[in-house]
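What follows is a single structure, written as structure tokens, with notes after it.
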Ligand SMILES: [Fe+2]
Ligand SMILES: [Fe+2]
């Protein structure tokens, strides 16, 4: 564990200067470097929330593992869910380099003191949801995460490089699944459209509230944790996704969607921000269920943690 450094900035101006110089030079802050307490706290909150999202995010799709329509689809979905578990582990490890403990973060998740992405509080009602999650949810995650590969905090940035490679596989498997359904029967095409209608707006909400309501963005950008505002990333996602929807043959459920020649971008409607706030506060369709499942998994796994700790103790006694 890296000890948390508590030096006060006013006592150590050279440390503050060095920190700021590293950020300005586009170099990385590493675990043993001095960093302002607020920078550390922001990263812990963001990385923990990201790790929790990867772990909770396995639940909506896990719902279809036992009912995948073919062995091939099951193998792909299983591989994706396992990738998400891996992402959670890299991210918890990255958070631990900031002086927090994974068990403490898990406690905060299951007691509701730390959040995860609001998108995972929506249910997966048909198998096309698996494809739409890959296409839209992993697609939005890619937009959010590619710039994080250049985040000023080294362990987070490095974890993101591998995560992003795997996310692009997730997006492609989702798109390929949808393409297959769109070439199928009328009922299969209707399933895809229904899933798109339900997931489109929650996917746009994944980028967070509009810039005017995102008070921490400016500081995160100054620290080069964040590289783009919520609205910039949302626009990028819409611009990337509209041609894919056309190619797929689905309609995005937004009557205000139209090409803006002047901006060279798609104009789009306003998501229902009150819905986002409601889901974040715990009142989404599946919030209670997601946390209950996570809590039960954590409790069921207690014996594994105890056995691993006992083994580590014995090994230490044996080898000194
Ligand atoms: Fe992931
Ligand atoms: Fe993913």
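Numbering (this note's numbering), first residue to last: 4 to 323. Here a beta-carbon is modelled for each residue, glycine too, at the ideal position from N, C-alpha and C.
Annotation for residue 166 indicates a beta carbon within 7 Å of some heavy atom of ligand 1. Exposure of residue 224 is indicated by the presence of fewer than 16 other C-beta atoms within 10 angstroms of its C-beta.
Under the three-state reduction of DSSP output, residue 239 falls in the helix class.
Inter-residue distance for residue 124 and residue 64 is about 12 Å (C-alpha atoms, whole angstroms). In the three-state reduction of the DSSP assignment, residue 59 falls in the helix class. In this structure, DSSP gives residue 114 a state outside helix and strand, which the three-state scheme calls coil.
When rounded, the separation of the alpha-carbon atoms in residue 93 and residue 309 is 22 Å. Distance between residue 110 and residue 46, taken at the CA atoms: about 18 Å. Apart from sequence neighbours up to five positions away, the residues of its chain that approach residue 180 with a beta-carbon distance below 6 Å are 134, ordered along the chain. In this structure, DSSP gives residue 263 an extended state, which the three-state scheme calls strand. Distances from the CA of residue 36 to each of 49, 19, 73 were compared; the closest alpha carbon is that of 19. Residue 52 and residue 119 do touch by the CB rule: their CB atoms are close to 6 Å apart, below 8 Å. Cβ-Cβ distances below 6 Å link residue 252 to 185 in the same chain, with the five nearest sequence neighbours on each side left out; the list follows chain order. Under the criterion of beta carbons closer than 8 Å, residue 121 and residue 241 do not qualify as touching, at roughly 18 Å. Taking each of 219, 237, 199 in turn and checking the Cα distance to residue 144, the smallest one comes out for 237. CA-to-CA, the gap between residue 305 and residue 60 works out to about 21 Å. Annotated as proximal: residue 157 and residue 32, with beta-carbon spacing under 8 Å. For residue 76 and residue 87, the gap between their C-alpha atoms comes out near 17 Å.
For residue 156, DSSP records a beta bridge to 32.
Exposure of residue 321 is indicated by the presence of fewer than 16 other C-beta atoms within 10 angstroms of its C-beta.
Beta-bridge partners of residue 270 (DSSP): 261. DSSP, read as helix, strand or coil, puts residue 232 in coil.
In this structure, DSSP gives residue 100 a state outside helix and strand, which the three-state scheme calls coil.
As the crow flies, the alpha-carbon of residue 79 is around 18 Å from that of residue 195.
A distance criterion of 7 Å places the beta-carbon of residue 144 in contact range of ligand 1, judged by its closest non-hydrogen atom. Apart from sequence neighbours up to five positions away, the residues of its chain that approach residue 67 with a beta-carbon distance below 8 Å are 80, 127, 130, 132, 133, ordered along the chain. Set against 7 Å, the gap from the CB of residue 189 to the closest heavy atom of ligand 1 is not smaller. In terms of side-chain proximity, the C-beta atom of residue 64 is found no nearer than 7 Å to any non-hydrogen atom of ligand 2.
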